[in-house]
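Report on the structure given below.
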Amino acid sequence: MIRLVDIHKSYGSATGDARGRVEVLCGVSLEIFPSRVTAILGPSGAGKSTLLNILGTLEQADSGRIIYDGVDVTTFKDKELSRFRNRHIGFVFQSHRLLPEFTIVENVAMPAMIGGEPQSRAMEHARELLERLGLSHRLSHRPAQLSGGECQRAAVARALINDPEVILADEPTGSLDSANRQELQKVFVDLRDTLGTTFVVVTHDSSLAEQADRVITLVDGVIKSDVSNS
Ligand code: ADP
Numbered sequence: 000m001i002r003l004v005d006i007h008k009s010y011g012s013a014t015g016d017a018r019g020r021v022e023v024l025c026g027v028s029l030e031i032f033p034s035r036v037t038a039i040l041g042p043s044g045a046g047k048s049t050l051l052n053i054l055g056t057l058e059q060a061d062s063g064r065i066i067y068d069g070v071d072v073t074t075f076k077d078k079e080l081s082r083f084r085n086r087h088i089g090f091v092f093q094s095h096r097l098l099p100e101f102t103i104v105e106n107v108a109m110p111a112m113i114g115g116e117p118q119s120r121a122m123e124h125a126r127e128l129l130e131r132l133g134l135s136h137r138l139s140h141r142p143a144q145l146s147g148g149e150c151q152r153a154a155v156a157r158a159l160i161n162d163p164e165v166i167l168a169d170e171p172t173g174s175l176d177s178a179n180r181q182e183l184q185k186v187f188v189d190l191r192d193t194l195g196t197t198f199v200v201v202t203h204d205s206s207l208a209e210q211a212d213r214v215i216t217l218v219d220g221v222i223k224s225d226v227s228n229s
């Protein structure tokens with residue numbers, strides 16, 4: 000289980016004037032349950048991406064704690080935090096962010112190799128994941144040779160490679176057409192059901208939210224509603 004406890008975050012004004020500070024997260028506390036798809040909805044500027052980045056340890060909160068299975072990661076120093084992030088958190092963004100000069104299987108294997116896994120094992124695992132996601136015919140292609148939907152599925156495989164505690168996805172269907180949006184939704188639900196993957200997904204996509212086990216609505220840095228579908 001992952002817990003956020005009383006997270007506060009504000010951004011300063013360009014001039015550094017305290018009066019210009021904007022409070023983006025105003026004491027958010029949240030528990031993320033394993034093997035569930037949790038969707039975070041809310042208007043633009045509500046603080047959704049900031050919340051996801053803080054949950055993913057990509058951004059630091061001003062105060063509050065982030066606890067992964069009882070371990071408070073806010074006490075970690077930079078190097079320890081990078082290692083933790085690599086091992087325990089998978090990321091999927093609106094754009095796939097695959098590296099254009101590497102093949103799909105190399106892209107997927109890379110976080111495992113960075114984490115110290117031998118190349119042959121990392122590549123084998125990457126192949127297995129890509130097969131699971133229906134991309135076994137694309138292993139040696141480069142990202143530019145794949146469709147947007149295929150790239151996004153490869154990005155999900157890359158996020159899964161280190162068997163993370165959670166996959167954090169920020170508008171993952173935002174650049175996809177409706178057929179590919181549905182395909183990616185199905186991938187999330189299938190992975191939850193088969194591998195027990197935990198997802199936290201920031202989205203404007205109402206049909207993705209409908210598929211989620213839980214929908215949290217954030218407005219002006221505060222949780223306005225938290226509804227479980229299951
Ligand atoms: P959402 O994802 O809900 O659209 P964000 O978390 O991206 O909202 O942003 C919330 C607010 O914080 C917005 O007003 C945005 O302009 C501001 N903000 C986000 N990141 C920064 C930053 N690095 N510096 C200053 N302001 C920021």
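Numbering that gives the first Met the number 0 numbers the first residue of the sequence shown as 0 and each following residue consecutively. Even for Gly, the Cβ is constructed at its ideal location relative to N, Cα and C.
- List the DSSP bridge partners of Phe187. Note: Phe187 sits in no beta bridge, so no partner.
- Per-residue DSSP class, three states only, for Thr243: Residue 243 is absent from the structure shown; the chain starts at 0 and stops at 229.
- Query: Counting Cβ pairs closer than 8 Å, one from the segment 37-48 and one from the segment 194-212, do we hit at least three?
  - Reply: yes
- Does the beta-carbon of Asp77 have 16 or more other beta-carbons within 10 angstroms, so that it is buried, or is it exposed? exposed
- Distance CB(Gly11)-CB(Arg20) smaller than 8 Å: yes
- Query: Hey, would you say Ile103 sits closer than 8 Å to Pro142, going by beta carbons?
  - Reply: yes
- Item | C-alpha distance - Val200 paired with Ala121, whole-angstrom precision | 26 Å
- Message: Quick check on the burial criterion: 16 or more other C-beta atoms within 10 angstroms. Buried or exposed for Phe90?
- Response: buried
- Taking Thr49 as part of the alpha helix (DSSP H), name the residues at either end of that continuous run. Lys47 to Leu54
- Item | Residues passing the C-beta test against the ligand ADP heavy atoms, cut-off 5 Å | Tyr10, Val23, Ser43, Gly44, Ala45, Gly46, Lys47, Ser48 and Thr49
- Task: Sort Val218, Ala178 and Thr196 by Cα distance to Ile160 and report the nearest one.
- Result: Thr196
- Item | Buried versus exposed, by CB contacts within 10 Å (16 or more), Ala178 | exposed
- Sub-8 Å separation of Asp219 and Arg180 beta-carbons: no
- Message: Out of Glu105, Glu170, Asp189 and Pro171, which one is the CA nearest neighbour of Arg157?
- Response: Glu105
- Task: Indicate whether the contact test is met: 3 or more Cβ pairs, each with one atom in the segment 124-143 and one in the segment 48-61, closer than 8 Å.
- Result: no
- Message: Tell me the residue span of the alpha helix (DSSP H) that contains Leu207.
- Response: Ser205 to Gln210
- Message: Once DSSP output is grouped into helix, strand and coil, what is the label at Leu129?
- Response: helix
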